[in-house]
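Since the structure comes first, as structure tokens, the remarks are kept for the end.
Residue numbers (the UniProt record's numbering): 1 to 448.
What follows is the structure, encoded as structure tokens:
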């Protein structure tokens, strides 16, 4: 459903790459510096070369089922509206009036026949076209062309219910951007013929941490769980979390910065919710999922796993939480969290998942409080002039790549690994060093 914008944005001239990127990020050696979590100059280049360039998740189609439905979100720090059109297509419009830049919508979600700026009364249709203005005669006398003053649009595309947008005219297609990682996304999005939906609204919270440290946690850091979350698991379940090192089969897989770590224990993540109804649903649904996805992926449904689509869109299968780590400065994020379920799942199972997410991965969730504290201090220590240049080790699993596998992407043996983290930060570095998309290398697992 590619929707080519008619009210296009002017291209942003790329700023020169930072001089010391090789010094602070060397994934071939498995090291980086904490400066990347604190430096304001780096952050400004991230807004330009990553968030204004990459495909970013903006909505699930279930959030905007009817014409005029909209949700407000951001692409980096650019505020946008995701709006369902009369023809069922979707547009992503900058939430800023092209007269003086005031917001045209202050609600987080709703249904609207249009959007009106509070400042000078410019009125826009749900398609972003300028329909009228206060004292319109004054503009007409000035040779004003309404057709050139609509809300600016981003490029839009979708994948099995997930809606993405980018400001970059030269960006690859969404299909090329996601590449072989769609094979793994389908474990979450396409294990049932009815597809998926978001339930329960959006949970918004803030943390004083850098956006990358949170996204990296989901790209492949199950290592922390057995230590960081042990006390919470003991309190909730009367025992420790799954010991990943003892799982008979687990992997890290990445491709151009996207990363999925997973086991094939079916319910390892789901089990921490302590809901037998969810475990039962997954066991009963697994054979049906196998008919769509094959036996291998059917065993991944609620397994010990996590996934980040570069740069800031993450899943936690089993707990069924979806999150976007929205940057709000070099040392602050706004976290958007939703619960994703199979549309055809029983209502009581959906409700169990919603409540489970509140209990575990929400602002008051027992596991998220653990993570938030760690992420904040990983960020804050980097403000030190000496500490910010300290080498941080990212070298686990250097020689663990599998060559004798038919699994898509770059596949590595074992989840207790930092292969996905290295690929993630390499993609980050590649984008900061490239002036255009054409200069961004397709590494296929090779790190510089």
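Note that the Cβ used here is the ideal one computed from N, Cα and C, for glycine as well.
The structure displayed is predicted, hence computed values, not measured ones.
- Only buried fits residue 69, as 16 or more other CB atoms lie within 10 angstroms of its CB.
- Residue 338 is bridged by DSSP to 322.
- Taking the Cβ atoms as the reference, residue 344 lies roughly 4 Å from residue 194, within the contact range of under 8 Å.
- Excluding its 5 nearest sequence neighbours in each direction, residue 318 has C-beta neighbours in its own chain below 6 Å: 269, 270, 302, listed in chain order.
- For residue 42, no beta strand (DSSP E) encloses it; the enclosing alpha helix (DSSP H) starts and ends at 40 to 46.
- The beta-carbon distance between residue 241 and residue 224, rounded to whole angstroms, is 10 Å. This is too long to meet the 8 Å contact definition.
- C-alpha of residue 105 to C-alpha of residue 84: approximately 15 Å in a straight line.
- Put simply, of 127, 121, 237 the residue whose alpha carbon is nearest the alpha carbon of residue 139 is 121.
- A distance below 7 Å between beta-carbons, with the five flanking residues on each side excluded, links residue 398 to the following residues of its chain, in chain order: 30.
- Per the C-alpha coordinates, the member of 309, 112, 388 positioned closest to residue 177 is 309.
- With respect to the C-alpha of residue 109, the residue from 82, 358, 425 having the closest C-alpha is 82.
- Here residue 382 is actually not in contact with residue 55; their C-beta atoms are around 28 Å apart, not less than 8 Å.
- Within the same chain, Cβ atoms closer than 6 Å to the Cβ of residue 350 are found at 199, 341, the five residues on either side in sequence being excluded.
- Between residue 45 and residue 15, the alpha-carbon positions lie close to 8 Å from each other.
- The closest CA to that of residue 347, considering only 197, 299, 151, is found on 197.
- In the three-state reduction of the DSSP assignment, residue 91 falls in the strand class, which pools E and B.
- By the C-beta criterion, the stretch 254 to 262 is judged to be in contact with the stretch 291 to 307, since at least 3 inter-stretch pairs fall below 8 Å.
- Exclusion of the five residues before and after residue 53 leaves 166, 167, 168, 171, 431, 437 as the residues of its chain whose Cβ lies within less than 8 Å of its Cβ.
- For residue 330 and residue 211, the gap between their C-alpha atoms comes out near 8 Å.
- According to the DSSP assignment, residue 236 belongs to the alpha helix (DSSP H) that extends over 230 to 237.
- Residue range 196 to 207 is occupied by the beta strand (DSSP E) that includes residue 202.
- Taking 3 residues as the minimum length, the beta strand (DSSP E) runs contained wholly in the UniProt domain "Rieske" (56 to 165) are 56 to 60, 69 to 75, 78 to 84, 90 to 94, 109 to 111, 130 to 132, 155 to 159, in order along the chain.
- Around residue 323, the same chain offers 314, 335, 336, 337 as residues with beta carbons nearer than 7 Å, after the five sequence neighbours per side are excluded.
- When the alpha-carbon of residue 250 is set against those of 416, 26, 424, the nearest one is in 416.
- Of 360, 86, 135, the smallest CA-CA separation from residue 113 is found for 86.
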